[in-house]
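In the working numbering, the protein residues as written are 371 to 577. All residues carry an ideal CB built from backbone N, CA and C; glycine is no exception.
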Ligand code: PRP
């Protein structure tokens with residue numbers, strides 16, 4: 371059995387559709403039940419339903435052989451896994467955003483609210499900009515509204531959340547999409563199965 375870690379939530383909907391198209395239908399999702407592990411004996415696959423941010427943790431620690439995870443999480447956590455392919459779904463951008471009309475004071479330390487601490491640090495290190503990170507776990511857009519931070523570093527998909535909170539993108543610095551990843555040991559021992567899955571996913575992607 372190949373264990374595959376799948377993200378619950380927004381990205382999950384697109385992932386399940388793509389897997390179904392590739393011949394790896396996941397019954398648990400259709401039932402929308404609370405089961406966290408589902409097996410398909412016929413396909414030889416066990417599906418693990420996990421938080422999007424935990425997919426790479428399961429794969430790196432060999433609790434799952436493969437997984438589907440956003441590039442944002444890979445950039446942030448830098449897991450020691452193989453990134454086998456870009457699935458072309460879950461597309462969004464990593465951005466810096468600020469309240470409309472914001473102008474930066476280059477002489478002051480920039481206060482950055484984000485859940486992507488490493489991504490934000492790397493981004494500003496490259497620009498040699500002095501920053502203070504304020505780590506939040508969600509609803510990042512509240513940071514500048516309440517004066518907690520000057521800007522935010524976050525993913526933007528439709529832009530609706532920014533718009534609804536009177537924020538705008540001031541830098542769009544990295545396109546993000548979902549990736550098919552594999553545990554390094556699993557890839558050695560189950561290369562046929564994993565390559566078969568990757569090939570089927572590639573065919574769905576190509577349309
Ligand atoms: C993400 C992100 C933004 C929002 C962007 O949050 O942090 O808040 O989606 O999407 P949009 O451009 O389509 O509006 P998520 O929904 O994952 O929830 P969170 O605030 O709990 O992180």
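Which residues DSSP lists as bridging residue i, in chain order
i           : result
residue 504 : 483
residue 545 : 463
residue 376 : 419
residue 552 : 436, 452
residue 523 : 466, 484
residue 538 : 468
Proximity test, residue i beta-carbon vs the ligand PRP heavy atom, cut-off 7 Å
i           : result
residue 516 : no
residue 508 : yes
residue 526 : yes
residue 511 : yes
residue 537 : no
residue 460 : no
residue 440 : no
residue 566 : no
residue 529 : yes
residue 404 : no
residue 532 : yes
residue 549 : no
residue 416 : no
residue 481 : no
residue 380 : yes
Selection from the options that minimises the alpha carbon distance to residue i
i           : options            : result
residue 535 : 522, 521, 511      : 511
residue 475 : 485, 500, 516      : 500
residue 460 : 470, 433, 422      : 422
residue 574 : 386, 427, 542      : 386
residue 548 : 391, 408, 531, 463 : 463
residue 444 : 552, 504, 407      : 552
residue 458 : 482, 545, 557      : 545
residue 470 : 562, 380, 532, 375 : 532
residue 411 : 452, 394, 529      : 394
residue 454 : 565, 431, 515      : 565
residue 439 : 451, 433, 425      : 425
residue 571 : 397, 388, 416, 441 : 388
residue 486 : 479, 404, 466      : 466
residue 468 : 524, 373, 567      : 524
residue 489 : 442, 379, 569      : 442
Practice task
Counting only runs of 4+ residues fully inside the segment 384 to 471, write out the alpha helix (DSSP H) ranges in chain order.
Solution key: 397 to 401, 425 to 430, 441 to 447
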